[in-house]
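If you read the sequence shown in our numbering, its first letter stands for residue 3, the second for the next number, and so on.
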Amino acid sequence: MFAVLTLLVSANPLFASKLNYIAEIQPIFQKYCYDCHGPNKQKGKLRLDTISTDLINDHKAAIHWHDVRSAINLGEMPPEEEPALSDDERRTILSWLNSEIKSAADSRKSKDGRVVLRRLNRTEYQNTMRDLLGLDISFVADLPPDGVSVDGMLNNGSALQMTGIQFEYYLKAARAALDHAITTTPEPKVFEYTFKKSTENKWHRKTKPSNRLGKEQEFIARIKKDYPETGEFRIRIRAKGEFSENTPSPLPRMRVMVGYRPDTEVYRKTLAEIDIAEKGSHDYEFSGRMENFPLPVKGQGKYPGLVISVTNPYGGHPVIESLEFKGPIFDSWPPAHHRQILHDSVSRSGSFEPDYVREVVERFLPRAWRRPITDDEVIRFTKFFKVVREEMPTFEEAIKETLAMALVSPHFLYILEPFSAKQRPLTQHELAARLSYFLWSTMPDQELLASANSGELSTADELTSQVERMLKHPRSQQFVENFVSQWLDIDALDRVVIDQKLHPGFKPELKGDMRRETFAFFSEILHRNLSADNFIDSDL
């Protein structure tokens, strides 16, 4: 993939160096570019022989040079009918452009005490990819950790760098995400199982299989070989609790765990934890995605198969009467997350393929970039598709590669508020993005975008209405947890070792309760608009 490799090379700091523009760069542009962008002709209103090379102080020139780099990366410059750059020439130009653009970006990271250009942190990236693609799986598992600012915050632009190696990780993550979102497989078989009794436990000797869960007992459902490895699943448990009428005791609680892979740090993962508060038998339903749980490699290991276990983490006695598993679950095939990108259209097949690609790009880019897009941007991506389509075996692979480029664009990875020499209000869509990432840590929803599209978002009444709506939405819990975790360094709880001899009653689960209590306290003050004095002296 020439265009993709060029993009990777251009982002790699290995090639970043101080080059002399007059001696090393200008001759290349003169050889390949001045016919279209020189004194006699200025295609696209771009003239390269007189453009400033001071990207720090000339913002207009910086924008033009950024467009030049994008055109070279996408294989648009030089055009197909003209002589192509050699690999060395391309590498030299991109090295100079990367170095100068980075210097200009660094100089603008702070303006009047505020960060202007900020990359999405891992939480924001995860939430945005989830909402954009309609898939609740991990998109950040293989991404490098975020930098932390001196005051412990994870959304400080000065700490959120982007190196060449990081860029490669983000490109890999984008490709993997689109592999999940766009399916090329036939409709899968749906597996259903029902377990009335706990199966034998041969690998975890500390616990005993049982339907009645006391201390060191668990209900185990083991599916040896025929189970899905991807897609959504559902587990339905019919259970009841045994309650003591005379002796106070904790409510019976079920912890449902999925997976068994001992060669990983987390060999099984909690799907849900719930109290059984009512007498009698009741059905409890939980769902998840197979990709989010540690599954054994089929055919390898001593204990293959999908393991679902139910334990009692506290006290009381939950009684498991049955456990049902079903998966994968989907309303239709291809699933909704596929159809959201590759929609039904009369232009989808045959000679209409270029029209369909344009439709896909026009639908995807505004959502991904969180703003209206220009016709030039659409054309750039349709041209890129045309290049990669010749090298890809299928239409789907080519469109995935095209959309992956959109997901590593600064317009997606950064919260962009373009620099201007004069102060100006935020645009409607910049304001929508700022609100959404502040309160929800994710992209704007359809209602917020509709308000921005109408031009009403910045009015006092509409802005107040949207903020109130967003604070009432469950997504505002993202603000609570993210801010409080960073402000108070809540994760320090996990670094505290408790001496069980001094505190024999302390259970590991208590740390989670301490974390949730702190979040709930802050949330109460926020949503009831109470005085900040409560943080110091409170009766709550």
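The beta-carbon is built from N, C-alpha and C at its ideal position, and this holds for glycine as well.
The model shown is predicted, which means the values in this text are computed figures rather than measured ones.
Can you give me the C-alpha to C-alpha distance between residue 27 and residue 378, rounded to a whole angstrom? 26 Å
According to DSSP, what are the bridge partners of residue 195? The bridge partners DSSP lists for residue 195 are 327.
Residues in the same chain with beta-carbon distance under 6 Å from residue 391, minus the five sequence neighbours each way, listed in chain order, please. The residues are 400.
Let me confirm a value: residue 509 is counted as buried when at least 16 other C-beta atoms fall within 10 Å, else exposed. Which label applies? Exposed is the call here.
Which partner residues does residue 121 have in the DSSP bridge list? 416
Please report the residue range of the alpha helix (DSSP H) in which residue 485 lies. 479-490
Can you tell me whether DSSP reads residue 462 as helix, strand or coil? Three-state result, residue 462: helix.
Beta carbon of residue 142 nearer than 7 Å to that of residue 124: Result yes, Cβ atoms of residue 142 and residue 124 sit closer than 7 Å.
Quick one: is residue 402 buried, meaning 16 or more other Cβ sit within 10 Å of its Cβ, or exposed? Buried is the label assigned to residue 402, since at least 16 other Cβ atoms lie within 10 Å of its Cβ.
Within 10 Å of its beta-carbon, does residue 309 have 16 or more other beta-carbons around it, so buried, or fewer, so exposed? buried
Reduced DSSP secondary structure (H/G/I, E/B, other) of residue 211: DSSP places residue 211 in strand when its eight states are reduced to three.
Would you kindly check if the distance between the Cβ of residue 380 and the Cβ of residue 361 is under 7 Å? No; because the gap between Cβ atoms is not below 7 Å, this pair is not in contact.
Near residue 368, which residues of its chain fall below 8 Å by C-beta distance, leaving aside the five closest residues on each side in sequence? 374, 375
Whose C-alpha, out of 65, 506, 537, 530, is nearest the C-alpha of residue 520? 537
Give me, in chain order, the residues of the same chain whose beta-carbon lies closer than 6 Å to that of residue 38; leave out the 5 immediate sequence neighbours on both sides. 45
Reduced DSSP category for residue 546 - H, G, I as helix; E, B as strand; rest coil: The displayed coordinates of the chain run from 3 to 542. Any statement about residue 546 would go beyond what the structure contains.
Alpha carbon to alpha carbon, what distance is there between residue 96 and residue 21? Between residue 21 and residue 96, the C-alpha separation is close to 11 Å.
Would you check if the distance between the CB atom of residue 175 and the CB atom of residue 145 is smaller than 7 Å? yes
For residue 57, which three-state DSSP category applies? coil
Cutoff 8 Å; reference residue 469; Cβ partners in own chain excluding five residues on either side: 437, 441
Indicate the three-state DSSP secondary structure (helix, strand or coil) for residue 271 in the structure shown. strand
So, for residue 266: in the same chain, excluding its five sequence neighbours on each side, which residues have a beta-carbon less than 7 Å away from its beta-carbon? 296
By Cβ distance, which residues of its chain are closer than 8 Å to residue 181, with the 5 residues on each side in sequence left out? Sequence-distant Cβ neighbours of residue 181 in its own chain, meaning closer than 8 Å and more than five residues away, are 402.
Is it buried or exposed, residue 172, if we count other Cβ atoms within 10 angstroms and call 16 or more buried? buried
Using the Cβ count rule (16 or more neighbours within 10 Å means buried), how would you classify residue 100? With at least 16 other beta carbons inside 10 angstroms of its own, residue 100 counts as buried.
Out of curiosity, what's the CA-to-CA distance linking residue 98 and residue 233? 45 Å
With distance defined between alpha-carbon atoms, name the residue in 487, 450, 500, 319 nearest to residue 435. 450
Unbroken alpha helix (DSSP H) run spanning residue 168, endpoints: 166-183
What residue does the beta strand (DSSP E) around residue 242 start on, and which one ends it? 234-244
Determine the direct distance from the alpha carbon of residue 426 to that of residue 258, and round the result to whole angstroms. Going from the Cα of residue 258 to the Cα of residue 426 covers about 53 Å.
Bounding residues of the alpha helix (DSSP H) (the contiguous stretch that carries residue 88): Taken as a continuous stretch (DSSP letters only), residue 88 belongs to no alpha helix (DSSP H), as it is neither H nor E.
Answer yes or no: do residue 430 and residue 408 have a C-beta to C-beta separation smaller than 7 Å? no
Identify, in the order they occur along the chain, each residue of the same chain with its Cβ nearer than 6 Å to the Cβ of residue 481, setting aside the five sequence neighbours on each side. 441
Buried versus exposed call for residue 115 [16 or more other C-beta atoms within 10 Å across all chains shown]: Low confidence applies to residue 115: its pLDDT is 49, below 50, so where it sits in the model is not reliable, and the reading given next is rough at best. Exposed, by the Cβ-count rule.
For the pair the stretch 84-94 and the stretch 58-68, tell me if three or more CB-CB distances fall below 8 Å. no
Measuring alpha carbon to alpha carbon, tell me which of 464, 445, 29, 272 ends up nearest residue 477. 445
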